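To keep things clear, I will list the structure first and then write my remarks on it.
Protein chains: 2
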Amino acid sequence: MTEIRNRRIILASRPVGMPTTDNLPIDTVTLPAPGAGEMVVKVLYLSLDPYMRGRMDASKSYAANVALGDPMVGGAAGRVIASNNPKFKEGDYVFGMFGWQEYALSNGAGVRKLDPAQAPITTSLGVLGMPGMTAYVGLLDKGRPKAGETVVVSAASGAVGGLVGQIAKIKGCRAVGIAGGPQKCAYVVDELGFDACVDYKADDFREKLKEAVPAGIDVYFENVGGAVSEAVMTRMNDFSRVALCGLIAHYNDTGAAEGVDRLPRFMFSMLAKRMSLNGFIVSDHPERAGDFFKDMTAWVRDGQVRYREDIVSGGLDKTVEAFQGLLTGRNFGKLIMQIAEDTAA
Amino acid sequence: MTEIRNRRIILASRPVGMPTTDNLPIDTVTLPAPGAGEMVVKVLYLSLDPYMRGRMDASKSYAANVALGDPMVGGAAGRVIASNNPKFKEGDYVFGMFGWQEYALSNGAGVRKLDPAQAPITTSLGVLGMPGMTAYVGLLDKGRPKAGETVVVSAASGAVGGLVGQIAKIKGCRAVGIAGGPQKCAYVVDELGFDACVDYKADDFREKLKEAVPAGIDVYFENVGGAVSEAVMTRMNDFSRVALCGLIAHYNDTGAAEGVDRLPRFMFSMLAKRMSLNGFIVSDHPERAGDFFKDMTAWVRDGQVRYREDIVSGGLDKTVEAFQGLLTGRNFGKLIMQIAEDTAA
């Protein structure tokens, strides 16, 4: 095959606050020809997820940070355009951690074949991928909801949050979402079937939240932190559980906030209400992948779980802008960047 | 029997910060004669415990607060001096929630007979009582230590903390205490057999803590909060557990501390390290009482668990002062107030 000029987004410098194209410029390199056992994947869809912000920082996070000068990491769906790997052939659709780039050289490790006849390949980045499994493991294993309990999830119109509430409904719980703006809230209730959704941008957010959880909150699936979290904590029941999945409100924090130290009060609540708080990362739970795929595939097939994908076109040139939008809640549904059209390489 | 003038300490006003005798004056009332099924207990030893501070507040805590004008609540050991209850007879030694007073009228609910031949009756307030069971349930059920792991406990020379480390040793863990001052630390290591104890009052506390936990911390049994807790959090391992038992450093807080909001950073740690935090109150776990009594009685008998009681004389007149000392770490071992000599009523 002819030489491939590969465009990719590298981490040139660590962002302070919101990441910019200065931090994340595009560079162009020649893709090495695939060696023995290797293949070339043309990236079609790149998943953009909040966890990526943490990978840009130098501070210890739960996963290896991206080194300066390296391409940004990320899950993506693509098509094999050349292969010396016996398990994959040209034309195969695949999911893998291909990163923020137009082409990826892969030895096949961690790569999984996709069947576009069964489900759109973009679902491998969302409902049938990492966000789906995050909702599944976080809610069921960390939140441990019982039928009749009230489950609240923040970022409820997002890739993970939208699934959390729907799984909660399947398990017989009252599902209450928190989302930004009336349009997202309407979607959460009307399309996803939550019992209620509260707009955190509204002035009467705290009152509406109180009204939405007349029996208090038994499980809180935490995606955001900040003021939303603080309001939720006041309504948590005795013996309630917090599944701590993300803290998107704080991802661009540049230092500790001055003002009032809320930690002692938080700890008092945890003690007085005998609560449990569990931080988790879905990649620690590969043993649940089988259950997840079986259940979620059936739920999607039976219409018990609905999902929304926010597919943004524009390729790598628009990727940083789309990622900025993710951190401020501009996306609506699972944010997916279309990196290329599915045409011949 | 002759009329009994009962002296008792009532909650006259809710303390702001440290409780005083203005908040907790002594009043004297005539004890009603015991009715059918009732008995009169002469209180000999009153347990003084940090949780009592919370009962003095108006804010929602994990147990019913004491109403203004009511006697302060508390566990105590005493002797039955008159009984119309067929289950208890004059001369029986008993444990019950008799409160901060010299005599108690009881219908026998929640009262348990003690055998002074088997163990000093004061142990019903400590190692074989609520503090002992708190250590047992909190460490084993909430901390879930595995052999070879490192367990850290604050207030390590206290009634609960001293037992936590000893149970950790029995379970094959490295036990590290945190206590105030070299004398308490020496006791924790030399008498209780912890592997190490770090003085939180020393200037090099953080360095010493780091040295004492070369493999990091897997279980933290939290009794104090504040700066101690903050230092411990930086050394917690991935997948570590916090058993949240108490926050004595904050019990006299009169409002939120100004300065830096430490909550976001704390939550990030919980997430990045996939930690679990469990607030608990021992009274929620009566089903564990059988296991606790069996194990702890055997451990004490075999010398695997040692305990220290700090029995303060002076009766009700000195009780508030002793309680103040408890909140500032002045006691050394389980604090017990001797309310009366064990003589005829």
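These protein sequences, in sequence, are chains F and Y.
By full-length UniProt numbering, the letter at position 74 of the first sequence is numbered 74, and the numbering carries on one by one without gaps.
By full-length UniProt numbering, the letter at position 203 of the second sequence is numbered 203, and the numbering carries on one by one without gaps.
For each residue, glycine too, the CB sits at the ideal point set by N, CA and C.
Everything numeric in this text was worked out from a predicted model, so none of it was measured.
| Asked | Found |
| --- | --- |
| Taking the beta carbon of Y/P182 as the centre, do at least 16 other beta carbons fall within 10 Å, making it buried, or is it exposed? | exposed |
| Based on Cα-Cα distance, which residue from Y/V66, Y/T134, Y/R14, Y/R53 lies nearest to Y/D291? | Y/T134 |
| For the segment 42-55 of chain F, which residues have a beta carbon sitting closer than 7 angstroms to at least one beta carbon of chain Y? | none |
| Taking the C-alpha atoms as reference points, what is the distance between Y/I170 and Y/A202? | 29 angstroms |
| Write down every uninterrupted run of the alpha helix (DSSP H) in the segment 96-149 of chain Y whose length is 4 residues or greater and which is fully enclosed by it, in chain order. | 130-137 |
| For the segment 181-215 of chain Y, enumerate the residues whose C-beta is nearer than 8 angstroms to any C-beta of chain F, in chain order. | none |
| Going by beta carbon distance, what residues of the same chain come within less than 6 angstroms of F/A147, once the five residues before and after it are set aside? | G172 |
| Since Y/D253 and F/D261 are thought to touch, with beta carbons under 8 angstroms apart, how far apart are those beta carbons, to the nearest angstrom? | Not a contact, Cβ separation roughly 10 angstroms. |
| Taking the runs of the beta strand (DSSP E) that are 3 residues or longer, which of them lie wholly in the segment 35-74 of chain F? | 39-47 |
| In whole angstroms, give me the CA-to-CA distance for F/S83 and F/V73. | 22 angstroms |
| What residues are listed by DSSP as bridge partners for Y/T28? | Y/R7 |
| Please report the straight-line C-alpha distance between Y/N33 and Y/I311, rounded to a whole angstrom. | Reading off the sequence, residue 33 of chain Y comes out as Ala, not Asn. Rounded to the nearest angstrom, the two C-alpha atoms are 30 angstroms apart. |
| Does chain Y have any CB closer than 8 angstroms to the CB of F/A64? | no |
| Report back the beta-carbon spacing between F/Y251 and F/R53 to the nearest angstrom; my notes put them in contact at under 8 angstroms. | 4 angstroms |
| Could you work out which residues of chain B lie near Y/A256, taking near to mean beta carbons separated by less than 8 angstroms? | Absent here is chain B; the protein component of the structure consists of chains F and Y. |
| Identify the continuous beta strand (DSSP E) that holds Y/Q338 and give its terminal residues. | 334-338 |
| Any beta carbon of chain F sitting closer than 8 angstroms to that of Y/G138? | no |
| Beta-carbon of F/K146 versus every beta-carbon of chain Y: anything under 8 angstroms? | no |
| Let me confirm a value: F/R330 is counted as buried when at least 16 other C-beta atoms fall within 10 Å, else exposed. Which label applies? | exposed |
| Does the distance from the CB of residue 420 of chain Y to the CB of Y/N223 come in under 8 angstroms? | In the structure as shown, chain Y starts at 1 and stops at 345, and residue 420 of chain Y therefore has no counterpart that could be examined. |
| Going by DSSP, what residue range makes up the alpha helix (DSSP H) through F/R301? | 289-301 |
| Could you check the C-alpha separation between F/D49 and F/M130 for me, to the nearest Å? | 10 angstroms |
| Just grab the DSSP bridge partners of Y/V151 for me. | Y/A175, Y/V219 |
| Check whether the Cβ of F/I178 lies closer than 8 angstroms to any Cβ atom in chain Y. | no |
| Return the chain-ordered ranges of every beta strand (DSSP E) run that is complete within the segment 186-263 of chain Y and spans a minimum of 3 residues. | 196-199, 217-222, 236-244, 258-260 |
| Around the Cβ of F/G69, are there at least 16 other Cβ atoms within 10 angstroms (buried) or fewer (exposed)? | exposed |
| Could you check what DSSP says for F/V320 in three-state terms: helix, strand or coil? | helix |
| Nearest to Y/G315 by CA position, among Y/G303, Y/L326, Y/I336, is which residue? | Y/I336 |
| What is the DSSP secondary structure of Y/G161, reduced to helix, strand or coil? | helix |
| Going straight from the alpha carbon of F/A58 to that of Y/E191, what length do you get? | 44 angstroms |
| Taking the alpha-carbon positions, what's the F/D302 to F/V43 distance? | 30 angstroms |
| Of the choices Y/M97, Y/P86, Y/V176, whose alpha-carbon is the least far from that of Y/T36? | Per the sequence shown, the amino acid found at residue 36 of chain Y is Ala instead of Thr. If we check each option's Cα against that of Y/A36, Y/P86 comes out closest. |
| Can you check whether the CB of Y/Y103 is closer than 8 angstroms to the CB of Y/V40? | yes |
| Between which two residues does the beta strand (DSSP E) holding F/E309 run? | 309-312 |
| If you drop the 5 nearest sequence neighbours on each side, which residues of the same chain put their C-beta closer than 8 angstroms to that of F/F332? | S157, Q183, K184, Y187, R308, D310 |
| What does a CB cutoff of less than 8 angstroms around Y/M97 pick up in its chain, not counting 5 residues either side in sequence? | V73, G74, G75, A76, G110 |
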